[in-house]
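Working notes for the structure below.
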Amino acid sequence: MLCPRNILSVTAGGLTLLDIGDVCLSVLPIHHSLEFSHGIVMMMQNGTTISIGRGLRYFMEDMLLFQPNAAFL
Numbered sequence: 212m213l214c215p216r217n218i219l220s221v222t223a224g225g226l227t228l229l230d231i232g233d234v235c236l237s238v239l240p241i242h243h244s245l246e247f248s249h250g251i252v253m254m255m256q257n258g259t260t261i262s263i264g265r266g267l268r269y270f271m272e273d274m275l276l277f278q279p280n281a282a283f284l
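For the sequence shown, the residue numbers in the working numbering are 212 to 284.
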């Protein structure tokens, strides 16, 4: 089980390693630990706009619609 301190530690490390733009496309389900920690919490810490995708079937359409700088699959 991930505690809040673990999640914040992972996101702080991710922010030092990744150059994230202004818009991120979120594709994985929100309850997935990677999606929650990197796709939601890390993006909020960075001040990035989070675009929630409709699923892998619509991935290319969502990429064209939202024009993200980053995507978590």
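For glycine and all other residues, C-beta sits at the position ideal for the given N, C-alpha and C.
Beta-carbon gap between I335 and C235 smaller than 8 Å: The first residue shown for the chain is 212 and the last is 284, placing residue 335 beyond what the model contains.
Those residues which DSSP pairs with V238 across a bridge: Paired residues: none, contrary to the question.
Of the residues I251, Q256, I231 and D230, the one placed nearest V238, counting alpha carbons only: Scanning I251, Q256, I231 and D230 for the CA closest to the CA of V238 turns up I251.
Identify the continuous alpha helix (DSSP H) that holds I218 and give its terminal residues. P215 to L228 is the span of the alpha helix (DSSP H), which, as asked, contains I218.
Answer with buried or exposed for D233, where buried requires no fewer than 16 other C-beta atoms within 10 angstroms of its C-beta. exposed
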